[in-house]
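What follows is a set of notes on a single structure, which appears directly below.
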Amino acid sequence: MDTAKNRVAIILCGGQSTRMQNPKSHLVYHFQEQYLHLIQLCVEAGLETYVSCTFDQAYTFKENTKLILDLSLYTNAGPISGLLSAIEKHPTKAILVIGCDYPLFGKFELNQLLDTFELNKQTVCFYNEISQMEEPLLAIYHPNDFSRIKSNFLAGKQSLRNFLAASNPIRIKPKSIDVLKSFDTPEEFSNFTAPPNAL
Numbered sequence: 050m051d052t053a054k055n056r057v058a059i060i061l062c063g064g065q066s067t068r069m070q071n072p073k074s075h076l077v078y079h080f081q082e083q084y085l086h087l088i089q090l091c092v093e094a095g096l097e098t099y100v101s102c103t104f105d106q107a108y109t110f111k112e113n114t115k116l117i118l119d120l121s122l123y124t125n126a127g128p129i130s131g132l133l134s135a136i137e138k139h140p141t142k143a144i145l146v147i148g149c150d151y152p153l154f155g156k157f158e159l160n161q162l163l164d165t166f167e168l169n170k171q172t173v174c175f176y177n178e179i180s181q182m183e184e185p186l187l188a189i190y191h192p193n194d195f196s197r198i199k200s201n202f203l204a205g206k207q208s209l210r211n212f213l214a215a216s217n218p219i220r221i222k223p224k225s226i227d228v229l230k231s232f233d234t235p236e237e238f239s240n241f242t243a244p245p246n247a248l
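Heads up: the sequence shown runs through residues 50 to 248, numbered per my numbering.
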């Protein structure tokens, strides 16, 4: 069986990028805009891949980009808006979520997520041992958890990190903690240096 058919990927690009002052999804770290770089990584891994964004942001992406727009029921709730909108489109498929602000995340880490998910058949995420927190935007969510994610949202619990902390996901320790760094400011963007495994 082709396990890739049971998974899809979404690149979360729906944030406001206030501190960065420019859309994080369109910054160039790896010789092309970050959303295109992440799409390429996922497509090369055999995944049907979408950009998750708001209706107002849709025009900023290339015409042939597959989009999942935030549904009106879920708007203005942060990353969970994108995940729940993707769940509505693919209710039976596992959903790989990658935030567009992790430029050190590369092919090695993607394969870690995919291989760990395939081995365990449950939600998996990267885990930051320094902060002792799960990384909800570097994770694969299993369909078994979708109803609880939606119930949490309807109850006003919009944090995916809190959802993971209260669940029992498989937690992956990265080869380097730097992979989990979110680049949020112009200074961090200017100081970026690409590691070999991110290409």
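Cβ atoms here follow ideal geometry from the backbone N, Cα and C, with glycine treated the same way. Keep in mind it's a predicted model, so treat the numbers as computed, not measured.
Supposed contact pair residue j and residue i - C-beta distance, whole angstroms, cut 8 Å
{"i": "Ile219", "j": "Val173", "result": "4 Å"}
{"i": "Phe202", "j": "Leu133", "result": "6 Å"}
{"i": "Ile59", "j": "Gly148", "result": "Ile59 to Gly148, Cβ: 10 Å. No contact."}
{"i": "Pro152", "j": "Gln83", "result": "6 Å"}
{"i": "Ile129", "j": "Leu61", "result": "Ile129 to Leu61, Cβ: 10 Å. No contact."}
{"i": "His79", "j": "Ala243", "result": "6 Å"}
{"i": "Leu162", "j": "Ile221", "result": "7 Å"}
{"i": "Ile117", "j": "Phe195", "result": "That belief does not hold up - the Cβ atoms of Ile117 and Phe195 are roughly 15 Å apart, past 8 Å."}
Extent of the continuous beta strand (DSSP E) to which residue i belongs
{"i": "Val100", "result": "Glu97 to Cys102"}
Residue interval of the alpha helix (DSSP H) (run including residue i)
{"i": "Asp169", "result": "Checking the sequence shown, residue 169 turns out to be Asn, not Asp. Lys156 to Asn169 is the span of the alpha helix (DSSP H), which, as asked, contains Asn169."}
{"i": "Phe202", "result": "Phe195 to Leu203"}
{"i": "Leu85", "result": "Gln83 to Glu93"}
{"i": "Leu153", "result": "Taken as a continuous stretch (DSSP letters only), Leu153 belongs to no alpha helix (DSSP H), as it is neither H nor E."}
{"i": "Asn211", "result": "Leu209 to Ala215"}
{"i": "Pro72", "result": "Looking at the DSSP string, Pro72 is not in any alpha helix (DSSP H), and its letter there is neither H nor E."}
{"i": "Ser239", "result": "Pro235 to Ser239"}
Per DSSP, cross-strand counterpart(s) of residue i
{"i": "Phe175", "result": "Glu184 and Ile221"}
{"i": "Leu61", "result": "Ser101 and Gly148"}
{"i": "Val77", "result": "Glu82"}
{"i": "Ile189", "result": "Leu145 and Val173"}
| message | Threshold first: 4 residues or longer. Then list the alpha helix (DSSP H) segments lying entirely within the stretch 108–144, N to C. | response | The qualifying runs are 128–138.
| task | Determine, using beta-carbon pairs with one atom in the stretch 183–195 and one in the stretch 137–146, whether at least three such pairs fall under 8 Å. | result | For the pair of segments examined, the stretch 183–195 was found to touch the stretch 137–146: the number of CB pairs separated by less than 8 Å reaches three.
| said: Between the stretch 88–107 and the stretch 150–159, can you find at least three pairs of beta-carbon atoms closer than 8 Å? | reply: The count of Cβ pairs closer than 8 Å, one atom from the stretch 150–159 and one from the stretch 88–107, reaches three, so the stretches are in contact.
| message | When you compare the stretch 102–120 with the stretch 175–184, are there three or more beta-carbon pairs, one atom per stretch, that lie closer than 8 Å? | response | With the rule of 3 Cβ pairs closer than 8 Å, the stretch 102–120 does not count as touching the stretch 175–184.
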